[in-house]
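Counting from 718, one number per residue, gives the positions in the sequence shown under this note's numbering.
Note sheet for the following structure.
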Amino acid sequence: MGTPVTGELARRSYVIGQTEIPARPLAPALYLVATPIGNLTDITLRALETLAAADIVACEDTRVSRVLLDRYGIRRRTTAYHEHNAAEAGPKLIAALLAGQSVALISDAGTPLISDPGYRLVGEALDQGIRVVPIPGPSAPLAALTASGLPSDAFLFAGFLPVKTGQRLARLEALKAVPATLIFFESPRRLAETLGAMVEALGGARKAAIGRELTKTFEEIRTGTLQSLADHYAAADTPKGEIVICVGPSEATADEPADIDRLLLSLAAEMPASKAAAEAAKMTGGQKQALYRRLLELKDTGKEGDTGKDGDG
């Protein structure tokens, strides 16, 4: 990896349209470069310059990455770095970085390390005092989330679910109470089965969205409840392309008033009633005045002592 690049490959430039643009020198560092998830024009100018200037471009699959590099006239030599050769290729990349070279890491599509290899390489680079630079750009989970219509103030990317039925249900059960939109990757051939498992574990009433072939010609975003989506894909032919599943957080249930009562009493043990109601409103999304009235009712009935705290507080 330390062999100097000469000849045609030594030209550090990229091409946009008919214009060849020289790439500025790149400081030694590990650059995590996001690449398009489908539409090649989603590449950023900074990503192009980084790929053109880097001493080494490490790719998940060099054949896939070559399509992107050729599209923009980038003549850099590539090397493979993926989950099957990481133990061998990783130390070589670290050695090159320690020798003062720049390394650009890219995956087949999207942001490196997101359900792709690389986090061990980043960890080792940081341990060695090597600078790590993110070059942000396309991301399939974020593209699906923003187009899903589901809450985006809090979300959890959960990657791929286990293939085995029992393990998949156990994982979904563990995620059931997470108060955030859940985002998953899934194989097209397992989509219908996974949606059925989600209905079983999470309930069919949850709002959800399926993003398919995002940014590509046949992009599709289908929304509905988990039950309606499960019914649709159970009856449809196996879809084609890459799949992102977004599942909204659970909505209020009938047994929540008891939980809110406990929350109000717990807060009231630490602060004035009005402030406790305000804090509870922030945490639950309820109305402050209604929560304040409920707290006064609880105090009137003498339930304020049933908070689990010692009386000599």
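C-beta: ideal position from N, C-alpha, C; glycine also.
When I754, T758, P745 and A751 are compared, the shortest CA-CA separation from G734 is found for T758. Scanning L862, F935, A770 and L919 for the CA closest to the CA of R794 turns up A770. Closest in C-alpha terms to L1015, from the list G1003, M1000, K999 and L984, comes L984.
When the beta-carbon positions are compared, T752 and G854 come within less than 8 Å of each other. The Cβ-Cβ distance between L1013 and G755 does not fall below 8 Å. A Cβ-Cβ separation of about 7 Å places I847 in contact with A746 under the 8 Å criterion.
Within the DSSP bridge table, the entry for R939 names I927 as partners.
Residue pairing by DSSP places Y748 opposite A821 and V850 in a beta bridge. Pairing L743 with I962, the inter-Cα distance amounts to about 38 Å.
Using a C-beta cut-off of 8 Å, the stretch 832–852 makes no contact with the stretch 913–932, since fewer than three inter-stretch Cβ pairs fall below that distance.
A straight line joining the alpha-carbon of P966 with that of S869 spans about 10 Å. Judged by pairs of C-beta atoms under 8 Å, the stretch 771–790 touches the stretch 813–829, as three or more such pairs exist. C-alpha of A926 to C-alpha of I960: approximately 10 Å in a straight line. Minimum Cα-Cα distance from G883 among the listed residues T779, E805, E910 and K999 corresponds to E910. Fully enclosed beta strand (DSSP E) runs of no fewer than 3 residues occupy 849–852 and 872–877 of the stretch 829–896, in order along the chain.
A straight line joining the alpha-carbon of S856 with that of A951 spans about 28 Å. A Cβ-Cβ separation of about 20 Å leaves R885 out of contact with A861 under the 8 Å criterion. According to the DSSP assignment, T736 belongs to the beta strand (DSSP E) that extends over T736 to P739.
As the crow flies, the alpha-carbon of Y731 is around 29 Å from that of N802.
Counted as a single uninterrupted DSSP element, the beta strand (DSSP E) harbouring I900 occupies residues T898 to E903. Beta-bridge pairing by DSSP links T795 to V774. Taking every protein chain shown into account, the CB of L762 has fewer than 16 other CB atoms within 10 angstroms, so this residue is exposed. The criterion of a C-beta distance shorter than 8 Å is not satisfied by G807 and A864. Within the same chain, Cβ atoms closer than 7 Å to the Cβ of D825 are found at E777, D778 and V781, the five residues on either side in sequence being excluded. When D948, P858 and I738 are compared, the shortest CA-CA separation from L912 is found for D948. Annotation: L749 to A998 spans about 41 Å, alpha carbon to alpha carbon.
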